Amino acid sequence: MQRRSEDPNIWSNQKEAQALFGKLKVLRKQWEPVKRMAGEVEDLIELTKQSSSGDVPALQIETDRLAEEWADTETQLYFSGEFDALNCYLTVSGGAGGTEAQDWAAMLLRMYLRYCERQGWRTELLEKTDGQEAGIKSATIRVVGEMAYGNFKCEKGTHRLVRLSPFNAKNLRQTSFALLEVLPEIEETTEVTINPSELKIDTFRSGGAGGQNVNKVESAIRITHVPSGIVVACQNERSQLQNRERAMNMLRAKLLEKKRGEELAQKKELRGASQSADFGQQIRSYVLHPYQMVKDLRTDTETSDTTGVLDGDIQRFIDAEIRRQARQ
């Protein structure tokens, strides 16, 4: 990859060159702390050889620091997937449970927005359908940040909430479900060819950003890929052209996901398959009553800090799932 970057003709294809240098930047960022820590370990070994019994406490503190730092660095090294470094699209949908599920979907969306804030990532709301009484039926956001897809791909699946219902007079305990779908932002790929004649494109009035353009011009776009039945929509950009470009990127990612899923299924190795937001498909359980607990059903990682988790403190779950996948 380094040799390719030194090719004087690399910029004859700007998109390919930008993608290559983007990957190199990520790899260098991953490698630099490993190289630095290797030097620190060598220094610590030399100090240990020259130390006396009185130096043991200080050496132990330094050893513990390096061990903790290595645990964090090791997790970052697992981001080696083809699309891990890319931006991504998140779609949150309410599942079984009616108004309860729609309210839970809104809570889940807020959790992910707060997580993005903690990471310093930028988010854009592309499409949202409000619930009839509360919450949302579905919403799609774009996440712009380093390793956004690499982190969020670990969150794909159904999330289960157990709580006392705020929507019935008896305040009964209610179980609700919401589904998170995650797609990398792929601008172009040779693996997927989209025939324009197979697309049904509808325009409608946007309810998102756009100043005076909102609700006056049909700038929002809905694209249906007729052969697969896949539907994508974008309404947040100011122009129809921008919304179309965003929607086509999402469609491309969905078609690539479908193609690769079919290939894996043929080999009987399908993982992360399309899931329904219902019983028996959960990746994580959030219990607010009769006790407080969030537990990941894949890694058994758990915490009683439900408030912190719903406020975006979810990195522990992501890191545990990254390590689990690396062991498989």
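Converting from the sequence shown to our numbering requires adding 14 to each position, the first position being numbered 1. We put the beta carbon where it would ideally sit given N, CA and C, even for glycine. Everything numeric in this text was worked out from a predicted model, so none of it was measured.
Helix, strand or coil: which one does DSSP assign to G108?
strand
Residues of its chain near L284, where Cβ-Cβ distance is below 7 Å and the 5 sequence neighbours each way are ignored:
Reliability of the predicted coordinates at L284 is poor, the pLDDT of 37 falling under 50, and the value obtained from them is presented with this limitation in mind. These residues qualify, in order along the chain: G275 and L278.
Straight-line gap, D327 to L61 (C-alpha atoms, nearest Å):
38 Å
Give a yes or no on whether the C-beta atoms belonging to A267 and C248 are separated by under 8 Å.
no
Mapping the DSSP letters down to three states, classify N165 as helix, strand or coil.
helix
Counting only beta-carbon atoms, is A119 nearer than 8 Å to chain D?
No chain D appears in the structure shown, which is made up of a single protein chain.
Exposed or buried, what is E2 when buried is set at 16 or more other beta-carbons lying within 10 Å of its beta-carbon?
Lying outside 15 to 342, the shown extent of the chain, residue 2 is not represented and no answer is given.
Hey, is the region 175 to 188 in contact with the region 296 to 304, meaning 3+ C-beta pairs nearer than 8 Å?
yes
Name the residue from V157, K151 and T207 whose alpha carbon lies nearest to the alpha carbon of S190.
K151
Which value, in whole angstroms, describes the spacing of the CA atoms of M125 and E147?
20 Å
Of the residues V196, M51 and L127, which one's Cα is nearest the Cα of D98?
V196
Are there 16 or more other CB atoms within 10 angstroms of the CB of W25, so buried, or fewer, so exposed?
exposed
What are the partner residues of P198, as DSSP defines its beta bridges?
C102
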